[in-house]
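First the structure, in the form of structure tokens, and then the observations on it.
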Amino acid sequence: MRTPPVDAPPSPPDQRLAVRAAAVLAVCSVLLITLVAVRWHPLMSLDGDIADTTHRWAVDDPRMTHAFRILTDWVWDPWTMRLLCAVVVVWLVWRRSAWWTAGWLAVTCAVGTVVQQSLKAAVDRPRPVWRDPVDTAHYAAYPSGHALTATVVLGLLLWLLHHHGAGRALWRTALTVCVISVLGVGLTRIWLGVHWPSDVLGGWLLGALVVALAVLAHRRREA
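Following my numbering, the numbering of the sequence shown begins with 898 at its first residue and continues without gaps.
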């Protein structure tokens, strides 16, 4: 007698969601990179119009600009995000002995940095240039390293809280802080005139893609 085939168990709902999210984010990321690389006129025009407007606001409102510089240079700086990641890695090892998860977190954040720097070199998009700049930045524009790093680090930490069943009050607080930080850092980069809006959008998309792929890897390791 032939043994009837055994169907594979269905994937957990959050794993299926991560697969779909990764696919959508990958398509959107590739599309945006292509449009930026070929300098698609409608996108370039929209970028320029938004950048011109926000730069005028930045010049006319020095107090807000100063506050945004503090936020972008200290609170939401990529090195601040990496330091936060390092603290969590140490905590996972020291208090939880979660070596694999700590390594997964550290490696994913490192991968995000490699993706960011590689695309900056490959796309080599010039940053906005102003006669009256309110801030300066180095390296190529696309994607925004601030937006990508904040999305990766805070996205991973949010998922870890959810994965380990954080309480409702903690979850809501963390979610609020992370959403404000990810959106806020993108706004500061555009306001300060060091990134085009599509640079920030690209950083968000790529960062979210890295998080989705990392969640899939973590889930597969646990399966």
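Note that the Cβ used here is the ideal one computed from N, Cα and C, for glycine as well.
Cβ-Cβ separation, residue j to residue i (assumed contact under 8 angstroms), whole Å
i: Y1039; j: V1020; result: 5 angstroms
i: V956; j: V1031; result: 6 angstroms
i: T1085; j: L968; result: 5 angstroms
i: G1099; j: S1041; result: 7 angstroms
i: H944; j: W1093; result: Before going further, note that residue 944 is Asp rather than His in the sequence given. Correct: roughly 4 angstroms between the Cβ atoms.
i: R1022; j: A1003; result: In fact, because the Cβ distance is near 29 angstroms, the residues do not count as touching under 8 angstroms.
Own chain, CB closer than 8 angstroms to residue i, minus 5 neighbours either side, in chain order
i: G1064; result: none
i: A1071; result: L1054, L1055, L1058 and A1063
i: S926; result: G1099, L1102, L1103 and L1106
i: D974; result: H1043
i: A948; result: P1025, I1087, G1090, W1093 and P1094
i: A1018; result: A1037
Cβ-based neighbour list, residue i, same chain, cut-off 7 angstroms, excluding 5 preceding and 5 following
i: G1009; result: L1045, T1046, V1049, G1104 and V1107
i: A1034; result: R1024 and V1091
i: V1012; result: L1103 and V1107
i: A934; result: V1020
i: F965; result: T1085, W1088 and L1089
i: L929; result: S1095, L1098, G1099 and L1102
i: A918; result: A1109
i: A923; result: L1106
i: D958; result: none
Residue j beta carbon less than 9 angstroms from that of residue i
i: A1111; j: L1053; result: yes
i: L940; j: S1078; result: no
i: W1001; j: A1114; result: yes
i: G1207; j: V1097; result: Residue numbering for the chain in the displayed model covers 898 to 1120; residue 1207 lies beyond these limits and cannot be assessed.
i: W1088; j: T951; result: yes
i: R1118; j: W996; result: no
i: V984; j: A999; result: no
Proximal residues to residue i (C-beta, below 6 angstroms), its chain only, five neighbours per side dropped
i: H1060; result: none
i: D904; result: With a pLDDT of 42 at D904, under the threshold of 50, the predicted position of this residue should be treated as unreliable, and no value is reported.
i: A915; result: A1109, V1112 and L1113
i: C982; result: C1006 and V1050
i: T900; result: Any reading at T900 is ruled out, since the residue's pLDDT is 47, under 50, leaving its predicted position unreliable.
i: T962; result: A955 and V1031
Query raised in the report: What runs of the alpha helix (DSSP H), each 4 residues or longer, lie entirely inside the region 983-1066?
Result: With a minimum length of 4 residues, the continuous alpha helix (DSSP H) runs that stay inside the region 983-1066 are 996-1020 and 1042-1060.
**Report entry** Every unbroken alpha helix (DSSP H) inside the region 938-975 [4 residues or more]
**Finding:** Note on the region 938-975: whole alpha helix (DSSP H) runs with a minimum of 4 residues are 938-957 and 959-967, in chain order.
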